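Enquirer:
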Amino acid sequence: MKKILFVFPLFVSLAFSETSTLNIGVDYKLTAVMSDNDAVVPAAGPSLNYYTHQIRPYVTTQLNSQVEAVFRLQSINLWGQESSTGPAGTRFPKADGTPWVENAYLRIPGLAWDRLDLILGRQPLLVGDGTLVSDDNAGMNALRAKIALPKGMSLDLFTAKVAEAAGGNNDFDLKGAVWEVAQGDTHWELAWIQESNGAPSVYPLAGTTTAVSHIQRTFYDLRIFGDLRDAYYKLELGLQGGAIRQATGGDIALSGVAQRVEVGAQTDTVRFGRFGVWAVYASGSGDDPSTPTEDEAFRATFAKRWDGLRRTGLGQYYAATLSDAHDPASPFSSESTGLPAGASGIKTIGLGLSTVQKVRWTASLGYYVYDSKRKVAGKNSLGAELDAVLEFRPTDVGFRFGAATFFPGDLYDPSAAKVTRLTAETTFHF
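No gaps in the numbering here: position 409 of the sequence shown is 412 in this note's numbering, and each next residue is one more.
(1) Indicate whether Arg94 and Asp139 have their beta-carbon atoms separated by less than 7 angstroms.
(2) How big is the Cα-Cα spacing for Ile27 and Asp416?
(3) Just to confirm the assignment, what range does the beta strand (DSSP E) spanning Trp103 have?
(4) Would you identify the three-state DSSP class for Trp82, choosing helix, strand or coil?
(5) In whole angstroms, what separates the C-alpha of Thr64 from that of Leu109?
(6) Can you tell which of Ala303, His190, Gln269 has its C-alpha closest to the C-alpha of Ser137?
(7) Have a look at Val165 and Gly276 and give me their C-alpha separation to the nearest angstrom.
(8) Go to Lys237, then tell me how far its beta strand (DSSP E) extends in each direction, as first and last residue.
(9) Any idea if Arg377 is buried or exposed, counting beta-carbon neighbours within 10 angstroms, 16 or more meaning buried?
(10) Whose CA, out of Leu240, Gly155, Asn80, lies closest to the CA of Leu312?
(11) Checking the sheet assignment: what are the DSSP bridge partners for Ala185?
(12) DSSP three-state call for Asp291: helix, strand or coil?
(13) So what's Asp224 in DSSP terms, helix, strand or just coil?
(14) What residue range is occupied by the uninterrupted beta strand (DSSP E) comprising Asp159?
(15) Taking Gly401 as part of the beta strand (DSSP E), name the residues at either end of that continuous run.
(16) Per DSSP, what are the beta-bridge partners of Glu388 in this structure?
(17) Opposite Arg263 in the DSSP bridges: which residues?
Here is the structure:
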């Protein structure tokens with residue numbers, strides 16, 4: 004791995020020596036995580052302590068005045084597992100330190116009367132804030148067209164190949180269309196996203212599993228966001244539809260709804276720097292076990308969930324999305340929901356404040372409350388979390404220190420104990 008990363012700058016400089024511009028760099032992130040009692044249940048569960056790093060060398064170049072080429076490698080692993088297969092079931096193609104291609108694409112701007120940009124190849128893919136689609140810095144093989152329309156409107160079209168069977172109809176495809184309107188400080192986005200997985204798989208449904216031959220999910224998403232003076236707001240509403248074809252025959256209908264509201268404001272003080280407050284409400288519907296032919300759980304397969312090998316979401320530890328959270332039993336798996344038995348769908352309410360001191364220092368506090376959208380024996384509390392973060396960025400090097408305490412709710416065993424997680428992170432670019 005070290006030899007490959009060492010040879011990379013020399014190789015690209017020779018390969019693109021005839022181009023007019025060449026930009027070579029590396030993004031590096033080192034993270035240390037220490038958690039006590041990460042299992043939550045029983046009260047004296049095992050700890051989870053590890054170091055992980057993410058190395059992302061890249062080269063960008065203008066092949067000519069119209070075409071830009073981007074190539075990026077990535078190496079990611081837990082320290083001490085470089086020679087192993089790495090943690091199983093991660094979001095990434097490899098997590099054992101072996102470099103793999105994150106991005107390799109061409110961007111061709113200015114087509115069709117300077118209104119069309121084409122992006123072809125393995126590229127980053129993010130829709131909105133990642134509620135429905137995010138590549139999590141893993142890259143996606145996609146064809147994308149961005150079209151500038153009159154009156155501040157634009158259209159973003161893409162089709163991505165997640166898995167290819169090279170024969171038959173067992174491919175996994177992701178398609179989308181995003182229409183955006185900008186009106187002053189307000190932006191409107193209307194998105195259509197479709198996931199189509201033709202590969203046989205096992206699907207979780209109402210506390211059990213069933214063998215399926217095809218899954219098609221369709222999402223309709225409305226997002227409104229904007230900036231006011233020293234304030235911002237984000238509103239999002241998502242609807243899910245589709246169907247699951249069971250291997251034994253018969254369809255299971257897919258439905259579901261999601262909402263997210265986030266607001267924040269900041270103000271400057273003469274003596275104490277800049278202070279801000281924020282609030283967030285996020286909710287995704289859960290599955291009703293009394294409807295065996297319908298799954299009401301709102302779950303986007305490619306929602307933003309990962310920052311390297313560490314989950315990201317609402318809360319540093321629980322890292323909730325609309326449908327899943329950190330799973331102590333499989334902390335690096337992208338397949339588990341992380342919820343107690345019977346729970347489905349997550350409602351999160353969060354409040355926080357932040358401050359910026361002397362430009363380079365940032366501190367924040369956050370408090371989150373999590374509930375399951377489906378009650379289990381009359382209970383629905385998943386728990387609460389208190390977070391604290393301190394960041395310092397003197398130059399191109401950044402330091403981030405975090406502390407999180409998770410208090411399990413009544414859906415966990417009565418003997419469940421709180422979890423404390425400490426993180427330290429260093430990032431730099433050169």
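Glycine is no exception: its CB is placed at the ideal position from the N, C-alpha and C atoms. For clarity, every value in this text was computed on a predicted model and none was experimentally measured.
Expert: Taking the coordinates as given:
(1) yes
(2) 52 angstroms
(3) 103 to 113
(4) coil
(5) 10 angstroms
(6) Ala303
(7) 46 angstroms
(8) 234 to 249
(9) buried
(10) Asn80
(11) His190
(12) coil
(13) strand
(14) 156 to 166
(15) 400 to 411
(16) Tyr371, Phe409
(17) Glu239, Ala285
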